[in-house]
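Here's the structure we're looking at; comments come further down.
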Amino acid sequence: MAVLSTAGCLSLSDIEDLRLFNGFERDVTVTTSVIRASDGEEVFSDTTTIAQDESRSYQNPVREEGLFEIRVAVENGPENTYEWDAPADEAHGLTVHLSPDEVSFGRVVV
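Yeah, the sequence shown ends on 101 if you go by this note's numbering, and it's all consecutive.
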C-alpha cells in the first residue's frame, strides 16, 4: 500500500474519497463494495465499466469514520481487499490501481 502526500497541491474539494484507475490495455468491468467492519453491513456497492487508461471516482462511498473493508474485483481478472480506517476529516482518499496482475491500493493525504 502506498501513501501519496499532496501537501500544498490540492484543496480538500479536489480529493475523491475513492478513485479507481484502469491500467489494463482494454476496458474492464469492476465491482466495488464497501463493508462496515463493525457489523458486516455493505454500505456501498457499484459495478461499472472503466475504459482503458481512464478512471472512475466516487464521492463519499463512506459517510462516517471507522473501519471498513474495501473490495474491488475486476471481471475475469484480479481482485483484492483493503482494510481502511476511514478518518473523520475530508483530507484523505483512497486510490485503486487495476492491472492485469493485481489490484493495488494507496492512500492519498493532503
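Just so you know, even glycine gets a beta-carbon here, dropped at the ideal spot from N, CA and C.
Test item: CB-CB of residue i and residue j under 8 Å
{"i": "L11", "j": "S36", "result": "no"}
{"i": "V94", "j": "H83", "result": "no"}
{"i": "D8", "j": "N51", "result": "yes"}
Nearest residue (CA-CA) to residue i, options the options
{"i": "I26", "options": "E56, D44 and V100", "result": "E56"}
{"i": "E70", "options": "R54, V21 and D30", "result": "V21"}
{"i": "A28", "options": "A64, E66, T72 and T86", "result": "T72"}
First through last residue of the beta strand (DSSP E) which encompasses residue i
{"i": "Y57", "result": "According to the sequence shown, residue 57 is Gly rather than Tyr. Segment G57 to V65, the beta strand (DSSP E) holding G57."}
{"i": "F35", "result": "E33 to I41"}
{"i": "N71", "result": "E70 to A77"}
{"i": "G97", "result": "V94 to V100"}
{"i": "R17", "result": "From DSSP, R17 is part of no beta strand (DSSP E); its letter is neither H nor E."}
{"i": "S48", "result": "S46 to Y49"}
{"i": "V53", "result": "From DSSP, V53 is part of no beta strand (DSSP E); its letter is neither H nor E."}
Close Cβ partners of residue i (< 7 Å) along its chain, the five nearest in sequence each way excluded
{"i": "A79", "result": "E56"}
{"i": "V(-6)", "result": "For V(-6), the predicted model reports a pLDDT of 39, less than 50, meaning its position is unreliable; a value from the coordinates is still stated below. Closer than 7 Å at the Cβ level, and outside the excluded window around V(-6), lie G97, R98 and V100."}
Integer-rounded CB distance, given that residue j should sit under 8 Å from residue i
{"i": "S24", "j": "R62", "result": "4 Å"}
Cut-off 8 Å between Cβ atoms - residues of its own chain near residue i, not counting five sequence neighbours on either side
{"i": "D18", "result": "T40, I41, A42 and Q43"}
{"i": "A77", "result": "V53, E55, E56, G57, L58, F59 and H83"}
Cβ-based neighbour list, residue i, same chain, cut-off 6 Å, excluding 5 preceding and 5 following
{"i": "G14", "result": "H88, L89 and S90"}
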